[in-house]
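Engineer:
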Amino acid sequence: MEIRNKVAVVTGGASGIGAGMAERFAREGAAGVVVADVNLERAQGVAAAIGERALAVRCDVSRETDIQALVRQARERFGRIDIYFSNAGILGRMGGIELEDALWDSMWKIHGMAHVWAARAVFPEMLERGEGYFVVTASAAGLLNIVESAPYGVTKHAAVAVAEWLRIAYGRKGIRVSCLCPQSVQTDMTRDGTGSAGVDGVLTPDQVADVVVQTMREERFLALPHPEVAKYFQAKGSDYDRWLGGMQKLYAQHMERKG
Ligand SMILES: NC(=O)c1ccc[n+]([C@@H]2O[C@H](COP(=O)([O-])OP(=O)(O)OC[C@H]3O[C@@H](n4cnc5c(N)ncnc54)[C@H](O)[C@@H]3O)[C@@H](O)[C@H]2O)c1
Numbered sequence: 001m002e003i004r005n006k007v008a009v010v011t012g013g014a015s016g017i018g019a020g021m022a023e024r025f026a027r028e029g030a031a032g033v034v035v036a037d038v039n040l041e042r043a044q045g046v047a048a049a050i051g052e053r054a055l056a057v058r059c060d061v062s063r064e065t066d067i068q069a070l071v072r073q074a075r076e077r078f079g080r081i082d083i084y085f086s087n088a089g090i091l092g093r094m095g096g097i098e099l100e101d102a103l104w105d106s107m108w109k110i111h112g113m114a115h116v117w118a119a120r121a122v123f124p125e126m127l128e129r130g131e132g133y134f135v136v137t138a139s140a141a142g143l144l145n146i147v148e149s150a151p152y153g154v155t156k157h158a159a160v161a162v163a164e165w166l167r168i169a170y171g172r173k174g175i176r177v178s179c180l181c182p183q184s185v186q187t188d189m190t191r192d193g194t195g196s197a198g199v200d201g202v203l204t205p206d207q208v209a210d211v212v213v214q215t216m217r218e219e220r221f222l223a224l225p226h227p228e229v230a231k232y233f234q235a236k237g238s239d240y241d242r243w244l245g246g247m248q249k250l251y252a253q254h255m256e257r258k259g
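For the sequence shown, position 195 matches number 195 in this note's numbering, and the numbering has no gaps at all.
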């Protein structure tokens, strides 16, 4: 799909990858860009930089009613939604199974249900028009896990699975679905360091946007700004036990560093 003249909604649009995508959609000639974020002030800043074609909306994606209100406001302003970029995410505290349920719960919602709720809100209209694009920002951690955080790795797998399921069920009905799985990107999320995700370098949101736009143009499922991820994913698929052995080594190194 080409972006020109399309209306795009970006969640988590106030910062990092989301802000980069909102700006890129505008530069590619989108007819409208909705910058949605729980932080309205920052979303307004991104929208102001884009100009008249942008609308900032406060939306907490961990609440279905907020997503429904976002979709309503986007339609009121621009008439339709062609592209929904479901991107908001949190890193939370690092750790394993001991981390509190409240953190797991919010990650299940933000990295899992938010994509389901968004699809539920935008797909009927896209199906009627026979066209639409839905992009989920997961993470390389959704394909390969991550040693620093159990809830992040686990819930990002859910994000990949939601995107995959949507592509399976709706791909022949005109709705394109892609899944963005970067390793480390230079954003607020990686301000305190990149951890194991930084192994293949840290990209800028602009570099990520290049890959997303190209992936959308080709309508492929996986957007992999770090090409190494495809290689690791293949290694995992071809010898799961060997791959797990390598990850155990990484986990041991991480725990040793932590002391
Ligand atoms: N930065 C990385 O290295 C990296 C790597 C892989 C995947 N990701 C994913 O990319 C996405 C964007 O992250 P980023 O790196 O740009 O981080 P970021 O912190 O710069 O941006 C995240 C944005 O999401 C917003 N947000 C958080 N919770 C929200 C909620 N409940 N409702 C609405 N908005 C909410 C924040 O206010 C913020 O503006 C996330 O899903 C993240 O998991 C990031």
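The beta-carbon is built from N, C-alpha and C at its ideal position, and this holds for glycine as well. What you are looking at is a predicted structure, and each value in this text was computed from that prediction instead of being measured.
(1) Counting only the same chain and skipping the five closest in sequence on each side, list residues whose C-beta sits under 7 Å from that of T260.
(2) Kindly indicate which residue of R217, R191, K6, M189 has the alpha-carbon position closest to the one of R53.
(3) Mapping the DSSP letters down to three states, classify F221 as helix, strand or coil.
(4) With 16 as the cutoff for other CB atoms within 10 Å, does Y232 come out buried or exposed?
(5) Look at the alpha carbon of L260 and the alpha carbon of W108, and state the distance between them as a whole number of angstroms.
(6) Since Q186 and T204 should fall inside the 8 Å C-beta cutoff, what is the C-beta to C-beta distance between them, to a whole number of angstroms?
(7) Just the Cα atoms here: how many angstroms apart are S178 and E228?
(8) Should P261 be counted as a contact of ligand 1 given a C-beta to heavy atom distance under 7 Å?
(9) Quick check on R77: buried or exposed, where buried means 16 or more other Cβ atoms within 10 Å of its Cβ?
(10) Could you tell me which residues DSSP puts in a beta bridge with F78?
(11) With DSSP as the reference, label I90 as helix, strand or coil.
(12) According to DSSP, which residues form a beta bridge with A8?
(13) Give me the DSSP bridge partner(s) of V212.
(14) Classify I175 as helix, strand or coil using the three-state DSSP reduction.
(15) For R63, which residues does DSSP report across the bridge?
(16) Would T11 be called buried (16 or more neighbouring beta carbons within 10 Å of its own) or exposed?
Structural biologist: Answer, in terms of the structure:
(1) Missing from the structure shown is residue 260; the chain here goes from 1 to 259 and no further.
(2) K6
(3) coil
(4) buried
(5) Residue 260 is absent from the model: the chain starts at 1 and stops at 259.
(6) 5 Å
(7) 18 Å
(8) With the chain running from 1 to 259 in the structure shown, residue 261 is simply not present.
(9) exposed
(10) DSSP, once it has assigned bridges, lists no residue as partnering F78.
(11) coil
(12) V33, I83
(13) Note: V212 sits in no beta bridge, so no partner.
(14) strand
(15) DSSP output for R63 lists no bridge partner at all.
(16) buried
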